[in-house]
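Here is the structure we will look at, set down as C-alpha cells.
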Amino acid sequence: MKRLLLLALTACLLISTPSIAFDRAFTKERVEAIDRAILRANRAKKAGDIKLVCLEIATVKSIIGAFIDDLQEYYPSTDWFELRQSMLKKGASYNCSWTR
Numbered sequence: 002m003k004r005l006l007l008l009a010l011t012a013c014l015l016i017s018t019p020s021i022a023f024d025r026a027f028t029k030e031r032v033e034a035i036d037r038a039i040l041r042a043n044r045a046k047k048a049g050d051i052k053l054v055c056l057e058i059a060t061v062k063s064i065i066g067a068f069i070d071d072l073q074e075y076y077p078s079t080d081w082f083e084l085r086q087s088m089l090k091k092g093a094s095y096n097c098s099w100t101r
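Here's what the structure looks like:
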C-alpha cells in the first residue's frame, strides 16, 4: 500500500512540474505578444494608421485582461493593471470604437 501511494505521489509530481513550466512559458509568450503589439501600435502611429493603433491597443488590453493573474505572478515588477488602464486611456484619446 505504501509503495502504491509513493508511486501515485511521484506520478503527481511528474505531472505537475511540466504544467508549472508550461504556465511560465505561456506567460512569457503573452508578454512577448504584448511587446510586439505595442511596437506595432507605435509604428502604426508614426504611419498615421489610427485604425491599426486602435487594434493593437485593444490587443494589449485584451491579453492583459485575460491573463492578468499569471502576468502578476510571473512578472510582479510590472504593474499590469496600470498598463491596462493606460491602454484604455490611450484608446479613448484616439477615439477608438471600442471606447464608446
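Following my numbering, the numbering of the sequence shown begins with 2 at its first residue and continues without gaps. Backbone N, C-alpha and C define an ideal beta-carbon position, used for all residues, glycine too. Bear in mind that the values here come from a model prediction, so they are computed numbers and not experimental data.
Applying the criterion that 16 or more other CB atoms from any shown protein chain within 10 Å of the CB defines a buried residue, is residue i buried or exposed?
{"i": "Ile65", "result": "buried"}
{"i": "Glu57", "result": "buried"}
{"i": "Phe68", "result": "buried"}
{"i": "Ala26", "result": "exposed"}
{"i": "Ala42", "result": "buried"}
{"i": "Gly49", "result": "exposed"}
Using 9 Å as the threshold, is the C-beta distance between residue i and residue j below it?
{"i": "Asp1", "j": "Asp24", "result": "Residue numbering for the chain in the displayed model covers 2 to 101; residue 1 lies beyond these limits and cannot be assessed."}
{"i": "Ala34", "j": "Trp99", "result": "no"}
{"i": "Val32", "j": "Tyr95", "result": "no"}
Judging by CA-CA distance, which residue of the options is the nearest neighbour of residue i?
{"i": "Trp81", "options": "Val61, Ala38 and Ala93", "result": "Val61"}
{"i": "Ser63", "options": "Arg85, Cys97 and Lys91", "result": "Arg85"}
Residues in the same chain with beta-carbon distance under 6 Å from residue i, minus the five sequence neighbours each way, listed in chain order, please.
{"i": "Ala38", "result": "Glu57, Thr60 and Val61"}
{"i": "Ala45", "result": "Leu53 and Val54"}
What does a CB cutoff of less than 7 Å around residue i pick up in its chain, not counting 5 residues either side in sequence?
{"i": "Tyr75", "result": "Arg25 and Thr28"}
Quick one: what's got a C-beta closer than 8 Å to residue i's C-beta in the same chain, skipping five residues either side?
{"i": "Glu83", "result": "none"}
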